[in-house]
Structure formats: structure tokens, C-alpha cells
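Take a look at the structure below.
Residue numbers (this note's numbering): 4 to 1275.
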């Protein structure tokens, strides 16, 4: 059926029927298979079909050429070779239809009609066909259908023989010739046809590939290219033998070699290596690859190494020599001499060459590597440049052993001995980078070639490693690499017997001062543990490991926990063994046990964790029952024996806590005299209670019992998030039920042991408050009974944490509020007479006095603890806001205090006022709210939406609060610093009190504003207000208190405006920009230190803060120039003042630190950073060239340059030379006028003026500097 439809459509010239058949073939649900149809056609029928299709395609190409506006298509049609196929002499060429060119073959008949295909061509074609061809426009779907039909034919050609119709060959050649000027789906279809023709190895395939190869390459390297496109290029690699390498094709091939898509897949790498087989492409390919190596990844660099090796392996003769000398040796030379700190090029080159080195076991590769390295490697290991020696060391170790099997045995042994001696020498190289590289390479060599290396050489190497390099105090990285190298050597089974003797000698590295060394050593112990041949506790004893677990940083503790996990918590062991090891750990080191279970709980599953907690509870409960039974039996025995020498009555012994006795903190122990029957009964009681024949129990030690409860709390708290998950709710219920049943027993037995009681209280906070109702009141009662001298965290932290866990943070806040209100109220009675009267009269005695200072500590702990803070803000936000309003009173009391000579009251003293002000500002920052979202644009707003808006308006607004605080501080606090507005009524006991209080309050305020800017809760207007306020502080008399905080405000404001304030980049009159604030701070520092003042204690970290700000802000050229020009001008102004005071300079000054505090801060901070030093020297040079200067300034600059030449730090000699040259040019242009008196009376010349002396001194200094620095 399909066969007849096809033949009918071809004979009648029915384009629509042909398109429908092709669409049905592409439809998976259709039964039409044109491949089977073509297989059934005879050769004559095939000739008929392709004659007609050739005519259709030729007709459409004529229309395409005649109506195309593309000049390439027109020029292509004029070629003589194609004149017999494509004519261009149409009378009325139609225009191309844009919409028709995008049509698919599978479109419906209606869409085909819209494309101008409504009329069918008659079967006997002739004149009517010619008329239609002149009338109908170009129809791309017809031509596209013919090409795809040809692809179907080629795809099935092997099924019925190799017969190819002549017209099909002519059509394929014609389409191949025009493929480069076509576009879209038609070009893709032609390319697919030519690919099939090539892969099937059909006739004339060499003529159908030259134009297709560039298109495939362009597709593969394009933005939308994919890996399958690269595979398509690789599959026609044989076309390289038949195509002509014109310039355009060569450029495309170079683009392939530099394309990440090609080098990232195996087929692409093979394609690039295939290109190296053409001698004319080798040099250009090498240059192309070198151009992209600096930006390659590690894997891409390794792939390029495989490309070079594969190309070298497959090549012969001149091509192979060219790849060796022009490519591989060039890369080796570059790898030796490249700067290892300049980007990724050095690393990439080493990765590339490693892919060649790893084939060194082959004798030809071995000889090639040696011959290429010999000319320059050995001398590179001895040059003065440490970077070159480091690179050469890495390559030598990676290529080890260099050898040539064609040489004699003596020559090979001599070469090997030379390598051994060189490596040993490099281990003690003066440059630490060379030593690090040598250690890495040497240990890798020992790992891979242990049996090859003589034992004497191994002993010498280890002597260097252990005796010298492991004790290298100049570089912690050297010591780290020694430890890592030892771990690497353990990978060699042959080296393990030797390492068993060596490792105990390096145990001191476990206590190394460097964290990285300690981490590397614990990794080494983990490696030893995995071997199971060497016991790690023979290298470092267990108690030593536990001390490290107790005191070390978390990163080391996590590794130590992993190391000790199977020893102290073997999950595969039975319960009694697990508990026994836990008790041993607690007895050995309780603090280490806490940290052990803190990190171990993260690796245990939730089920085993819950079972272990319940096991500990059961152990403690059994112990308590055992003690009670022993005491009961002891009392009975004592009565039977008639012993009257009992320390305590029986009732006291039964209820006495664990900590009541002097020998262990347990309740009443044995009497001094016990009869034999007592011992027997005691032992039997122990068997019944603990099932232990031993007379004593590990739980007799209070530290062990406290450690067990610590373990329960730690395991529960660290797994709280997992227990809260719905799938683990059953475990949580079991824990709560079991623990709550035992809590009364635990509290009764350990109630006088403070340590255990505190832990039990915190453990009880994990239980619902309904299960422990009495404990809530107990915690509140203990908090209320706290005294002023009990403000240490140990007295109240547990109670607060427990109450917060029970969601009773409101009680804590209310208690703190009551204490604060009473403290503030005590300050309202300011008259001494009123104070005396307030204490008269009959009053009820208060059981607990108010502790306002302690209330601030409670608030601070709630806000600093993450869980407590979350509980306070999520469920008690209103109380927190009320507390903030209560603390706001401190602002008025501070103002009142500044108007009195004495403290307002004993409770409301100066320290309390400043702390209350600080806590108020902290609450303002904690209660910050983001700006409410704008409601969506709609016609009507419901009641809920309006209520939400009203609620948003009523919410606590931190920005408004701080705005009011800034205004208040400007009118009240700042005048105190500036000694303004102080009337006669203000009589302070000491003037420093006012300054101190105001400065401390202002510092807290600015810090809070800075914190809000950091978290993005501010707006640009508020940022500018803070900058203006800080600028005023820097101009006050107490400016030294605000230098560091003003620098941090500058940094955060600059970064905030850079992100959120793009419209405020330009300076506005009356607004202090962040850079202006930085310049004000620099000026303030110089003004303060101009009178030989020392740096105040409040500014002890000024240099680090200033360096951080300068390095962060000076990211752009404009910012850097503005800041450092001001810094250079400030430094030189300060130096000029010093020169005028001294009437000259001090020639004995040799360092920047000796020049004074100002220079130590402003110049010293730039000396320690290379980038800042270059910026400063550039600014000084520009200042010399662009500014008008007098002799004083010239002398100051000359003196500064002289000091910097002797104490340069990280300032480059080149920049100093530039500045010296600028000063020299300026001095050469100075001409001093000759006075009239000196001309009239030449016998008695006038003495030189001070300016002439300055200029002469500057000239002498510059001449000396020119001589010293070698400036011509």
C-alpha cells in the first residue's frame, strides 16, 4: 500500500502526498516505513523515483537561487561546475517566504496549502510544470523532504545491495556543494545525509565531506554545542586525509584545540591528538593550547597531557621529533621557570606533564623524558631563584627515576646516585617552598619505590625528616608536610616494618603549636588504625590523646573522637561492655568524655543513642538501689552486733545525699568498725543490686556519676533536632517516660551534690513541665534568691536555660523587669534629705532584694543563647518590647547623672547605667524588623489586610528608636565631650567621670548603629546620619575613643551603599560620605599624635582595623587615589610639623617606628601589605610631582624616603626609586634668590637662611639615596 502511494505521488508530481508519506514515516504510531518500501523497489523503479525527486530538488534550487537576496547563493549559482544543474535566467523570480522556510515536514495538509502548494503538478509535466515553476515561489519543505528521503535511502542501502541511482549521486553532490550557503533545518539535513554517505563508505564519499567538516566543527565549538557534536566530528576524523587545509579550516581546527568542550570528553581529546599527526599543524596547535592553559582546570590540564602523549606515541620521524622538542620540551622548560604564585599556570603545567611522566615505565618514554630534561633540569636545581628550584624539584620527583636502559649499568647507577644526592640536598634547601616540595616528592618516591632505594639512602632521608624538618621552627607547613608524608609512606606494605619503629619517635608532633600539624598527625593516627598492624596507642598513649581531646580546637577533637570511637563506644559490643568502657573514659578524663560524646553523637543513629541513654539511666538507678539496700543491711547488722559507734542515725543515712560524706559525696558510708557479718551481707547486697563481686563500684566516685549525667544531657541535646522529627517521636516519648520516672529518685539521692543537681535540673528541662511541675517553681525561686555577689554564670545559667526550655522565658523577663524598675526607681530620689526619709518608718521586710545589675546579666544571657533568644522573640516578643521600653529610662537617667556630682544611688550606679544603656541598644538591634511588604495592587482591601497594616505600623521600629537616640546624644552627650553647655550648676566630683560616661555611652550607640548596617536593617538615609554623627565624634575632645569604631562604620557604610545605595554614589553637600569619614579619622589620628603623644589604650588594635578598612575600600582606582592622596598629604603635614619643631631632622632615626606614633600607625600599616604600600608610594610620588612645596616639605619627604629605604617592609625598591627621582627633579629646579646686601658687601656674606639649610640637607639626603639605590 505504501509502495503504491509513493510511486503514485512521484509519477503524478503530488508534493502534498509525498510530504504526507514522509510525515507518517516519522510518526511512531504509523505503520508506514519508507525504508521497507525502498527495499522493495527494483532498480528501474529507484531510477524513476530519483529522476523525479532530482527534478523536484533542481526546480526548488532554481527558485532559491533566483529569488535569494543572499549574495553567496547568487555567486554560488554562477559557478560553471553547477551551471548544468542550477539556472538563473528566470523572467520573474519570486521572493523567499520567511514563514514557509520554517515549516516542518510533518505539518498538516492545510499548512502545506498555505505554503503555496495547493495545486498538484500533472504527471506528464512538460510545459505546465514550467509554468507552475515560474509562478510558485520557493518551497523549502519540498526540498527538505527530498533530502530526508535521501537519508532514509542511504540508511537502508545495506539492506538490499549497494546500488545507488545516478540521480541520487548527482543530487548529493549538488547539495553538498551548496550546504555552506544554506541555513537551518535544510543545512542540518544535508549534513546528516553526507555523514551517512561517509560512514557507509559509498561511492563519491570523498566529494561529500569537504564542506561538511567545517560545519560540524562550527556546531561543536559553538555556544549551543554538545558532546554529541564533538563525537560527530571525531567519527569523521578520516576526512582529514582528503580535505584541503585552507586558512579558514585551520582556524577552526585551532579553535577545537582550545575549546573546553573538546578537551573535556574522550572523543574530543582523541580528535585533537589526531590533528598533531599533521606536521603543518603541530606548532599552531601547541601555541593554541598554551594560550588556554592558564585558565584550564586540573582535569583539562591532565587531558592535554594525554593529548600530547598520544600524539607523540602515534607519530614517527620528523613529526615525533617536532612534538618532542617544540612541544613537550617547551612545556617542561616553562614548568620549571613559571612563577608558581601567578595564577594556575604552574599547577596546570605540572598536571599536564604528570600524564606523560606516569608512562615512564616504558623504555621509550623513559629515554624521551631523560633526553628532554637533561639540558636544563640539573642546573635549574642550583639557581638562585627559589621558585625555579621549587618547580624543578617537583618535576624531578614526579619524573623519578630518570633512566635510560640503553646506557651501561655503571652509567645508570651513577645517574640514580645523582638523583638520590640531589633529593637529600633539596630537603635542607634554604627556601621553605623548596623544602615543602622536596618532602612531598621524597615521600611519594619512598611510597612507590621503597624496595628500589638503598637502605642507607632511606635512613639518611628519615634522619633529615625527623631530626631537622620535623623541628623546623621557621615554617609550620614544612612540619605538616613531614607528617603527611609519613602517612603517605604507610601506603607501601614494604615500608610498614620500618615505620613501626619510626612513628613513636615523632609523637611530640601531637602537641605541636600549629593546628595544621596536629590535624595532620591525627590523620596519621587514623591511617595507622586502619592498618591494624601498628597500634596507634603505642605511638601516643591513650591518656595523652584524652588530654588533647580535652583542650584542643574542634577540628582536632572531631578527628580524635573518630579515632577513639571504637575504643570507648564500640556499638557492636554488648551493653555491659559498652557501659564499662564509658565508665573507664569518665574515670580517666571527664572533660574529654564530654567532648567525646558531643562529637560522637553525630555519627550514631538515633536508635542506638536512645538505647545508650536509657542504659545509663538504668545503671544509675541500679546503683542507687544498691546503695540503699547496702545501707539498710548495714543498719540491721549494726543493730544485731550492738554497735553504738555509728556516725549518723539510720534515717539520716537513708536520705543523705551522695555528696554529704567526705570520701566521695555519697550518703553515710561504713562505720569505722564493721564486723565480718557486715562484710558478707554487704557483698551479698552488692550482688543483688549491681551483680558485681567487687567491693567498690566506679559510681562511688562523684565525678563519674556527674559524667554519666553529662553524657545523657549531651547526647539528648545534640540529637534534639532528630528527636523532634515525626518519624522519631516514639523514641522521644520513651525517653521522656523513662527519665521522668527516675528523676525523683535522682534528685533525692543527689540533692546536695551541686554539680550533679545542676546537670539534673538541665536534664529535667528536656521533659514537659507537666512531668516536673515542682522544678519550675524551684528555678524561679532560686533566681529570685540570687544575690549581687552571685552574678557569676554558674549560679543562674542552668535555671535560665531550664526555664526557657519549658517555655517560661516570660517569667525570667518579668523578674528582670521588676528588678530593673526597682533599680531605676531608686535613682529618682535625688535629694539626700529624701533619701534619708525614705528609709524611715515601719516597713515589711523584703525576703529578696532587687538585683538590677544581675537582671542585666540575665537579659544578656537570654539574648546571647541562640535557643533562648528564639524562645523569647517567637513567643514573648511583646514582653521583650516592654523590657526595651523599661530600659529606655536609662537614657533619661544618664542625662540626670551628668547633672549631678554623685552617683544616683547604690543600685543605680554609673556602671549599672552604662550597662543598662548598652542592653537597651542591644534589644533595639535584636528587635529590628524588615520593612513591611507593599500590598498588591487591588481594588478593595479586606479587614484582615487593614489590620495587618495597622499591626505593622505599631511594631517596634529599630531605626526610629536609634534616630531618636542619635538626636538625644547630639544634644546631651556630645557637648560633655566638647566641654560645651556645662553651666555652674553642674558640679562633678571629677571631670573625668562625665567624659568617661559620655564616651562609653556614645561608643555603645555607634556600635549598635554599625550592627544594624551590617545586617542590612538600615536605609541609606540612616547610614548617612550615622556617618555624620561619627564625624562629629571624631572632632570632639575624646576622639581617641572612637577611632576604631569609626573605621568599622566607614567600612560597613561603604559596603552597604555599594549594594543598596547606588543613587548616593556622588557626594552631596552637607552629607558625610564613608570616604569622607575615613579621611576625617586619618586627620584625627594625626592631630592627636602631633604633640608626641603615645597611642592610647583604647586604640590598641587601630593598625589592624585601619589596614582592613584600607584594603577593603581601595578596590577601585578612583577610591584608592582619593584615600591615599589624603593619607600621603596627612603624613607629610605631620612630618613638616616635626621638622619645624626640631629645626631639622634626626639623622639617627633608622625605622618608621622611631619616627613617632603617627608614622607607626599610618605608614606602618601600609608597610605590612604589598598592595597598600604600592598605593601609598604612588600617592607620595604624585604629591611630589603635582603639589607646590617649600623647603620644609622637601626635607620631610627626603627624610621619609631615607627611612623607608632602610625599613621598607613590603614597599618595593622600584616605588622608592620613583619617589626619589621625583624629589631629585624638584630639587634641581629650585633657585634661591641672592640678597642685595650680600652683593654689595661680598666680604661678609649673610648666613644661609633656614630654608636654604633645609634644601641643602634634602639635597645631601637625595644624593646619598641615589648612590645607595643605584639611581643614575
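Backbone N, C-alpha and C define an ideal beta-carbon position, used for all residues, glycine too.
Looking only at its chain, what residues have a beta carbon closer than 6 Å to the beta carbon of residue 912, apart from the 5 residues adjacent to it on each side? The residue you call residue 912 lines up with position 909 of the chain shown. Excluding positions up to five away in sequence, the list reads 906.
Assigned exposure category for residue 14 - 16 Cβ within 10 Å defines buried: Residue numbering aside, residue 14 sits at position 11 when the chain shown is read from its first letter. Flag for residue 14 reads exposed.
For residue 977, which three-state DSSP category applies? The sequence position of residue 977 within the chain shown is 974, counting from 1. Secondary structure at residue 977: helix, using DSSP grouped into helix, strand and coil.
Going by DSSP in three states, residue 2 sits in which element: helix, strand or coil? It is not possible to answer for residue 2, since the shown part of the chain is limited to 4 through 1275.
Quick check on residue 142: buried or exposed, where buried means 16 or more other Cβ atoms within 10 Å of its Cβ? Position 139 of the chain shown, counted from the start, is the residue given in the question as residue 142. When all chains shown are included, residue 142 counts as buried.
So, under 8 Å CB-CB, residue 1222 and residue 1274 are touching, yes? Tell me the CB distance rounded to an integer number of Å. The residue labelled residue 1222 in the question sits at position 1219 within the chain shown. The residue labelled residue 1274 in the question sits at position 1271 within the chain shown. About 11 Å separates the beta carbons of residue 1222 and residue 1274, which is beyond the 8 Å limit, so they are not a contact pair.
Along the chain, where does the alpha helix (DSSP H) that runs through residue 822 open and close? Walking along the chain shown from the start, residue 822 turns up at place 819. Unbroken alpha helix (DSSP H) run through residue 822: 812-829.
For the putative contact between residue 709 and residue 742, defined by C-beta atoms under 8 Å, what is the C-beta separation to the nearest angstrom? Indexing the chain shown from 1 puts residue 709 at position 706. Indexing the chain shown from 1 puts residue 742 at position 739. Actually they are not in contact, since the Cβ atoms of residue 709 and residue 742 sit about 17 Å apart, beyond 8 Å.
Whose CA, out of 1191, 1206, 1137, lies closest to the CA of residue 1155? If you number the chain shown from 1, residue 1155 lands on position 1152. Selected option, being the one with the closest Cα: 1206.
Residue ranges of each beta strand (DSSP E) run of no fewer than 3 residues wholly in the stretch 543-573, ordered along the chain? For secondary structure counted as the beta strand (DSSP E) over 3 or more consecutive residues, the stretch 543-573 holds no complete run.
Residue 209 versus residue 350: straight-line alpha-carbon distance, rounded: Here residue 209 is taken as the residue at index 206 of the chain shown, counted from 1. Here residue 350 is taken as the residue at index 347 of the chain shown, counted from 1. Distance between the alpha carbons of residue 209 and residue 350: 44 Å.
Could you name the residues of the same chain whose beta carbon sits closer than 7 Å to that of residue 510, not counting the 5 residues immediately before and after it, in chain order? Position 507 of the chain shown, counting from 1, holds the residue named residue 510. Sequence-distant partners of residue 510 (beyond 5 residues in either direction) whose C-beta falls short of 7 Å from its own C-beta, in its chain, are 542, 543.
Keeping to the same chain, check which residues put their C-beta closer than 6 Å to that of residue 244; ignore five residues upstream and five downstream. Taking the first residue of the chain shown as position 1, residue 244 is located at position 241. Close CB contacts of residue 244 within its chain, under the 6 Å cut and outside five residues either way in sequence, are absent.
Taking Cβ positions only, does residue 354 come closer than 9 Å to chain D? Given the protein chain composition of this structure (a single chain), no chain D is represented.
Residue 970, buried or exposed, once every other Cβ within 10 Å from all chains shown has been counted against 16: The count along the chain shown starts at 1 and reaches residue 970 at position 967. A residue is called buried once 16 or more other Cβ atoms fall within 10 Å of its Cβ, and residue 970, having fewer, is exposed.
For residue 189, does the three-state DSSP call read helix, strand or coil? Locating residue 189 in the chain shown gives position 186, where the first residue counts as 1. When DSSP states are grouped into helix, strand and coil, residue 189 belongs to the helix group.
Distance CB(residue 872)-CB(residue 929) smaller than 9 Å: Here residue 872 refers to the residue found at position 869 when the chain shown is read from its first residue. Here residue 929 refers to the residue found at position 926 when the chain shown is read from its first residue. Contact flag set, yes.
Less than 9 Å separating the beta-carbons of residue 406 and residue 373? Locating residue 406 in the chain shown gives position 403, where the first residue counts as 1. Locating residue 373 in the chain shown gives position 370, where the first residue counts as 1. Yes; because the gap between Cβ atoms is below 9 Å, this pair is in contact.
The stretch 777-786 in contact with the stretch 730-741 per 3-pair CB rule at 8 Å: Taking one beta carbon from each stretch, the stretch 777-786 and the stretch 730-741 have fewer than 3 pairs nearer than 8 Å; the two do not touch.
Expressed to the nearest angstrom, what Euclidean distance is found between the alpha-carbon atoms of residue 234 and residue 271? What you label residue 234 is simply residue 231 of the chain shown in a count that begins at 1. What you label residue 271 is simply residue 268 of the chain shown in a count that begins at 1. Residue 234 and residue 271 have their C-alpha atoms spaced approximately 7 Å apart.
Does the beta-carbon distance from residue 962 to residue 865 come in below 9 Å? Reading the chain shown from its first residue, position 959 is the one you call residue 962. Reading the chain shown from its first residue, position 862 is the one you call residue 865. No, Cβ-Cβ distance for residue 962 and residue 865 is not below 9 Å.
Going by beta-carbon coordinates alone, are residue 1052 and residue 1109 separated by less than 9 Å? For the purposes of this step, residue 1052 is identified with residue 1049 of the chain shown, where counting begins at 1. For the purposes of this step, residue 1109 is identified with residue 1106 of the chain shown, where counting begins at 1. Cβ atoms of residue 1052 and residue 1109: not closer than 9 Å.
Three-state secondary structure (DSSP) at residue 709? Against the chain shown, residue 709 aligns to sequence position 706. Note: residue 709 maps to helix in three-state DSSP.
Alpha carbon to alpha carbon, how far is residue 1140 from residue 427? Give it in angstroms, no decimals. For the purposes of this step, residue 427 is taken as the residue at position 424 of the chain shown. For the purposes of this step, residue 1140 is taken as the residue at position 1137 of the chain shown. Their backbone Cα atoms lie some 58 Å apart in a straight line.
Candidates 1099, 1101, 1127: closest to residue 1112 by CA position: Looking up residue 1112 in the chain shown gives position 1109. Of the listed residues, the one whose Cα sits closest to residue 1112 is 1127.
Classify residue 964: buried if its beta carbon has 16 or more other beta carbons within 10 angstroms, exposed otherwise. Here the question's residue 964 lines up with position 961 in the chain shown. Its Cβ being crowded by 16 or more others within 10 Å, residue 964 is buried.
Residue range of the alpha helix (DSSP H) that residue 519 falls in? Position 516 of the chain shown, counting from 1, holds the residue named residue 519. It spans 518-534 - the alpha helix (DSSP H) in which residue 519 sits, taken as one unbroken run.
Using a 10 Å radius around the Cβ and a threshold of 16 neighbouring Cβ atoms, would you call residue 166 buried or exposed? On the chain shown, position 163 is the one that residue 166 refers to. That one is exposed.
Pull up the CB-CB distance for residue 1175 and residue 1114, whole angstroms please, since I reckon it's below 8 Å. Taking the first residue of the chain shown as position 1, residue 1175 is located at position 1172. Taking the first residue of the chain shown as position 1, residue 1114 is located at position 1111. Contact between residue 1175 and residue 1114 holds, with the beta-carbon distance rounding to 6 Å and staying under 8 Å.
Please state whether the Cβ-Cβ distance between residue 1268 and residue 1214 is less than 9 Å. Within the chain shown, the letter at position 1265 stands for residue 1268. Within the chain shown, the letter at position 1211 stands for residue 1214. In this structure, residue 1268 lies away from residue 1214, with their beta-carbon atoms at least 9 Å apart.
For the alpha helix (DSSP H) that contains residue 354, what are its first and last residues? For the purposes of this step, residue 354 is taken as residue 351 along the chain shown, with counting starting at 1. 348-360 is the extent of the alpha helix (DSSP H) around residue 354.
Could you please give the first and the last residue of the uninterrupted alpha helix (DSSP H) stretch that includes residue 910? As a working mapping, residue 910 is identified with position 907 in the chain shown. It is not in any alpha helix (DSSP H) - residue 910 carries neither H nor E in the DSSP assignment.
For residue 371 and residue 383, the rounded distance between their alpha carbons: Against the chain shown, residue 383 aligns to sequence position 380. Against the chain shown, residue 371 aligns to sequence position 368. Rounded to whole angstroms, residue 383 to residue 371 spans 19 Å at the Cα level.
What residue does the alpha helix (DSSP H) around residue 259 start on, and which one ends it? Taking the chain shown and counting its residues from 1, one reaches residue 259 at position 256. Counting along the chain, the alpha helix (DSSP H) containing residue 259 begins and ends at 250-261.
Top-ranked residue by Cα proximity to residue 432, from 421, 390, 455, 446: Working through the chain shown from its first residue, we reach residue 432 at position 429. For the options 421, 390, 455, 446, the alpha carbon positioned closest to that of residue 432 is the one of 390.
Using a Cβ distance threshold of 8 Å, determine whether the stretch 1074-1081 contacts the stretch 1044-1061, with at least three qualifying pairs required. At 8 Å Cβ cutoff, the stretches touch.
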